[in-house]
Amino acid sequence: MKPPLVVSVTGAAGQIAYSLLPRIASGQVFGADQPVILRLIEIEPGMKPLAGVVMELSDCAFPLLESIEATSDLDVGFSGANWALLVGSVPRKAGMERKDLLGINGKIFIGQGEAIERNAADDINVLVVGNPCNTNCLIAMKNAPGIPESRWHAMTRLDENRAKSSIAHRAHAHTRDVTNLAIWGNHSSTLYPDFENALINGDPVSKYIPDRAWLEGDFIKDVQQRGAAIIAARGLSSAKSAAHAAIETVQSLREITPVTEWHSVAVASDGSYGVEKGLICSFPTRSNGKIASIVQGVDLGAFGKAKFQLSINELLEEKAMVSDLLPK
Ligand code: NAX
């Protein structure tokens with residue numbers, strides 16, 4: 254048996270975690286021969302429901318699940334972590350400004366960043382799911398200066414998958430035929446799903462969908478607002494699809510990406526495409542099995558560049574709003 258991987262998950266009593274945890278414990282994420290230790294982190298009010306989640310995980314009798322620790326102590330929760338999936342955060346409530354939300358969650362991510370730096374394994378990788386995920390990731394990363402910037406990620410794979418599904422539906426194709434569909438910018442209503450460089454069966458999308466007005470209009474709007482549409486229909490925000498996207502993000506980071514493909518994840522900018530260095534921004538990326546690098550030389554065109562710039566501007570505004578949470 255391989256030595257177990259330690260996987261820490263925050264927001265472990267929440268609805269995304271409810272879909273995510275059994276898939277980690279069953280081997281779907283880290284491999285069918287890879288034992289895992291789960292460290293499940295909640296705030297105090299979440300500890301009772303988390304006890305129920307732990308009972309259910311135990312009752313699955315997963316052969317690869319080595320042990321489970323449920324805790325509200327961050328030092329315990331991130332102890333020896335090889336992967337930290339930061340799912341928990343406080344949702345926006347009625348009357349709350351975006352700045353208030355950024356401030357509340359920002360403070361949480363300071364503590365988490367510091368605790369990860371103090372306790373995690375040397376090879377720690379972090380994926381932030383809890384919103385606003387790009388800026389939460391930035392705050393945690395800046396408060397853990399001992400961990401290389403290449404280990405920090407925020408999730409935009411759900412947006413990629415939503416965009417793929419929308420394009421496939423319109424083109425009467427299958428989602429597996431749609432590739433290279435990158436999300437650029439923030440995980441927010443300003444994100445840009447790049448239909449111009451996406452491919453269907455290796456051909457440009459325009460070959461299958463000549464209706465440029467739909468691509469520039471309803472397609473982008475629907476991807477940007479898909480989360481709200483799911484809340485309107487289900488009465489709850491997306492959970493199964495979010496958990497699935499988190500799993501695919503981790504899998505893509507751990508595998509070598511074929512040279513013809515790319516996937517979306519928000520990473521610390523290295524200055525590519527004129528994005529301020531260190532800003533956590535979604536790009537098309539390829540992994541070497543350990544580190545995701547930003548794919549170079551993708552031509553966004555005038556339309557895409559303008560859309561991307563709007564999203565970069567939003568990220569810079571968010572950064573300015575939390576400047577007091579970022580160590581100089
Ligand atoms: P839930 O409200 O079901 O669960 C969140 C859990 O986090 C709760 O159990 C809560 O007690 C816990 N929590 C809050 N603060 C915490 C802290 N400081 N430490 C540990 N746990 C804490 O939300 P859920 O539907 O699971 O969504 C979780 C987060 O994912 C939200 O912020 C949501 O906005 C975000 N999402 C991000 C997506 C993305 O693509 N990046 C898509 C899906 C989702 O909207």
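If you count by the working numbering, then the sequence shown holds residues 254 to 581, one letter each, in order.
Glycine residues also receive a C-beta, built at the ideal position from the N, C-alpha and C atoms.
Because the structure is a prediction, the values reported are computed rather than measured.
Item	Value
Taking 8 Å as the threshold, find out whether the stretch 566-578 comes into contact with the stretch 449-457 through three or more Cβ pairs.	no
Whole angstroms are fine: how far does the CA of Val282 sit from the CA of Ala435?	22 Å
Considering only C-alpha positions, which residue in the set Thr502, Ala545, Val503, Trp515 is nearest to Asp523?	Ala545
Relative to the C-alpha of Asn372, which candidate in Arg404, Pro256, Ser332 has its C-alpha closest?	Ser332
Looking only at its chain, what residues have a beta carbon closer than 8 Å to the beta carbon of Gly366, apart from the 5 residues adjacent to it on each side?	Ile392, Ala393, Met394, Lys395, Asn396, Ala397
Hey, would you say the C-beta of Val343 is under 8 Å away from at least one heavy atom of the ligand NAX?	yes
When the Cα atoms are used, what is the spatial distance from His497 to Leu273?	7 Å
Excluding the 5 residues flanking Arg484 on each side, which residues of the same chain have their C-beta closer than 7 Å to its C-beta?	Checking the displayed sequence, the identity of residue 484 turns out to be Ile instead of Arg. Counting only Cβ-Cβ distances below 7 Å, and skipping sequence neighbours, we find Ser490.
Out of Trp467, Gly455, Val382, state which residue places its alpha-carbon closest to the alpha-carbon of Val503.	Val382
Touching or not, the stretch 472-479 and the stretch 504-516, by the rule of three or more beta carbon pairs under 8 Å?	no
Compare the Cα-Cα distances from Gly264 to each of Ser279, Ser311, Ala323, Arg351 and report the closest residue.	Ala323
Applying the 10 Å Cβ sphere with the 16-neighbour rule, what's the burial state of Pro463?	exposed
According to the neighbour-count rule (16 or more other Cβ atoms, all chains shown, within 10 Å of its Cβ), is Val512 buried or exposed?	exposed
Taking a contact to mean a Cβ-Cβ separation below 9 Å, would you say Asn387 touches Ile533 in this structure?	yes
Kindly list the residues whose CB is nearer than 8 Å to the CB of Val343, restricted to its own chain and excluding five residues on each side of it in sequence; keep chain order.	Leu354, Ile357, Asn358, Ile361
Here's a check: name, in chain order, each residue in its chain whose Cβ is nearer than 6 Å to the Cβ of Ser441, leaving out the five neighbours to either side.	none
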